[in-house]
Each structure stands twice: as C-alpha cells, then as structure tokens.
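Input: a single structure, listed below in structure tokens.
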Amino acid sequence: MNSPAPGHLIVKLDHGDTNRKLLAKEAAADFTRIESASRKIRITLASPEGKRLYLRCFYISQANFHFISVFARMKLQAEDVDKVEQELRSMLDARIAFVNQRIAAFEKTCHQNGIAELASYDIEPLSIEARVISMFGRRLLELISKVDQIMPMLETLCIDEALSTSQLISEKSQIKKTVRAMAATTRALSLGLVKRINALPAPERKMAPAMSPIHRNGATVILSTEVAPGADLQSEALQAISGAQNGIVNQDAPSADLAAVETLP
Numbered sequence: 066m067n068s069p070a071p072g073h074l075i076v077k078l079d080h081g082d083t084n085r086k087l088l089a090k091e092a093a094a095d096f097t098r099i100e101s102a103s104r105k106i107r108i109t110l111a112s113p114e115g116k117r118l119y120l121r122c123f124y125i126s127q128a129n130f131h132f133i134s135v136f137a138r139m140k141l142q143a144e145d146v147d148k149v150e151q152e153l154r155s156m157l158d159a160r161i162a163f164v165n166q167r168i169a170a171f172e173k174t175c176h177q178n179g180i181a182e183l184a185s186y187d188i189e190p191l192s193i194e195a196r197v198i199s200m201f202g203r204r205l206l207e208l209i210s211k212v213d214q215i216m217p218m219l220e221t222l223c224i225d226e227a228l229s230t231s232q233l234i235s236e237k238s239q240i241k242k243t244v245r246a247m248a249a250t251t252r253a254l255s256l257g258l259v260k261r262i263n264a265l266p267a268p269e270r271k272m273a274p275a276m277s278p279i280h281r282n283g284a285t286v287i288l289s290t291e292v293a294p295g296a297d298l299q300s301e302a303l304q305a306i307s308g309a310q311n312g313i314v315n316q317d318a319p320s321a322d323l324a325a326v327e328t329l330p
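Just add 65 to the spot in the sequence shown (first one is 1) and you have my numbering.
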C-alpha cells in the first residue's frame, strides 16, 4: 500500500517567480521627460487582475494625464484643457463610485451566505512603490486598488456557490473594464487635444512634446502627436469611442477629437 505523499510534494508555493515574470513582460514607462514631482505610494496587489491592470494601464495613463494637464496647456486655451480635466474627474469619480457599490453589494452577499473569511491567493502579492504625478493618477491608483480588493470576494462567492462560474466571469469582466475603458478614454481625449494643437496656424504651432515612450515586450511604442493629412475625423472619433467603450487601448489608433467620452463601466 502506497503511503501518502509528503505535503511539500503536493503543493509547490510561489516565492515571487510569477511577479518577476510579470514585471519583466509588461510595460515599463520611461518618465525621463516628465519633470514633475511625484508622490511615492506603496501599493500591494494580490489578484492577477489587479497586477495586470496596474502594469498595463497605470503609467501609460499617467503619461496621457501629464500631456493633458501640462503640455496641452502650453498651447491651448486654459478653458479647453479645464473642460477635458473636468471630464476626466467625472469619469474617475463615477467609476470609483461604481466599484464601491459592487464592493458593498458583495460584502452583503458574503454576510448573507455566512462567509467570514475570504479566499486567498497562493501567489505572492506584488508590492510596488507607485510614482503618482497628478490627482488623476492618484484616483486611478485608488480605482485599481479597489478592483484588486473585489476580486477575492468574487472568487470566494464562486467557491461557496453563491455565484456561478459564468456570473464570476461576467462580474470580473465588467469590473476590469472600469480601468481599461478609463485608460482608452484618457488616450482618446489626449489625442483630441493633440489634433487641436496641430490645427493651429503654423506660426503659432509648436510641435507638442512627444509623450514618453512605453516599452512593451522588448519593443518601444511612442504615442504619436501627429495627425494624418486628410484624416476622416468623424470615423476616427467613432473608432476611438468604440475602443473606449470596450476597454481597448489601441496604440496605433488615429487621433480623434472627443469633447466627452463617458461609458460606465
């Protein structure tokens, strides 16, 4: 009769290998051209969804926030930039409120099902010192933290059969879209300002400083500040809105002039 295998042969614990692979694979932002002071905020992310949203969306969105608040203000009327910033504030606040509502709802469901302790991840949490350079970056970081907080609740409810697998997948997709759509919309709004800058009379136009390059998987992607001659701005706007609604951050999409893009989530 075979004796039971020792416990250490049954479960192999992760000691940071997964996080190291994530950090090596995902985007690393080059902020050498951004001279703003930054707050260093320590954040710990446990869920795979929270980790990937942070690595894929946070710094590229911060580059767009910086372009809107600093570079665009050098060439455009203050009220034009203020309008875009107010749009960003409203979108971030709406998404944070939405996720807070979902957290409260799932906490209530856990209580109703007698769940006192949430499931935990066996992969080591990712602890990062985030560099926050604006109020928008701080709010986006808060949103990502809340998304990370809600994921183990969903996993626990599925394990205890309070949610079906299809419900789990649907809820996760909807909640992750709050961050992805925010990143896509921010890019669309920043490109709208780029288009306005490039439309200025030549003597007044000074090429907007290129956004910091984002390195992905060994390749360098630079967010373009040029608008293609003869571009169909109406179709481009529709394309950008469609991408924002679906949470798609398309680095190669043409610029679009969007006064407001608001979808929830």
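We put the CB at the ideal spot given by N, CA and C, even for glycine.
Give the DSSP-derived three-state secondary structure of E194 in the structure shown. Three-state DSSP puts E194 in a strand.
Let's test the definition: count the other Cβ atoms within 10 Å of the Cβ of D213 and tell me whether it reaches 16, buried, or not, exposed. buried
Within the chosen definition, does the stretch 179-193 reach the stretch 131-143 through at least 3 CB pairs nearer than 8 Å? no
Sequence-distant residues of the same chain with beta carbon closer than 7 Å to V244, five excluded per side: L118, C122, L208, I209 and V212
Would you call the stretch 216-234 and the stretch 171-179 touching, i.e. three or more CB-CB distances under 8 Å? In this structure the stretch 216-234 touches the stretch 171-179; the number of beta carbon pairs closer than 8 Å is three or more.
Using 8 Å for Cβ pairs, my map puts S103 next to V197. What's the rounded Cβ distance? 6 Å
Taking buried to mean at least 16 other C-beta atoms within 10 Å of its own C-beta, is G115 buried or exposed? G115 is buried by the Cβ-count criterion.
DSSP puts T109 in a beta bridge; with which residues? S192
Going by DSSP in three states, R245 sits in which element: helix, strand or coil? helix
Take Q127 as the anchor and find which of A195, N263 and A267 has the nearest alpha-carbon. A195
Tell me whether the stretch 245-257 and the stretch 153-164 touch, counting them as touching only if at least three CB pairs, one residue from each stretch, are closer than 8 Å. yes
Need the endpoints of the alpha helix (DSSP H) that F123 sits in, please. Element bounds for F123: n/a, residue is neither H nor E.
Using the C-alpha atoms, what's the distance from F201 back to Q151? 10 Å
Residue from N263, L258 and A267 whose Cα sits closest to the Cα of D147: L258
Verify whether the separation of the beta carbon atoms of L206 and I133 is less than 8 Å. The Cβ atoms of L206 and I133 lie no closer than 8 Å to each other.
Chain B contact for Q239 (CB, 8 Å cutoff): The structure shown contains no chain B; it holds only a single protein chain.
Alpha carbon to alpha carbon, how far is S199 from D82? 32 Å
Would you identify the three-state DSSP class for R98, choosing helix, strand or coil? coil
Suppose you measure from the CA of I99 to the CA of S255; what does that come to, to the nearest Å? 16 Å
If R167 sits next to I215, beta carbons under 8 Å apart, how far is it from one beta carbon to the other, in whole angstroms? So it is a contact: roughly 6 Å between Cβ atoms.
Under 8 Å by Cβ, that's how I've got L110 and L191 pegged, so tell me the actual separation to the nearest angstrom. Yes, L110 and L191 are in contact; Cβ-Cβ is about 5 Å, under 8 Å.
In whole angstroms, give me the CA-to-CA distance for K33 and A162. Residue 33 is absent from the model: the chain starts at 66 and stops at 330.
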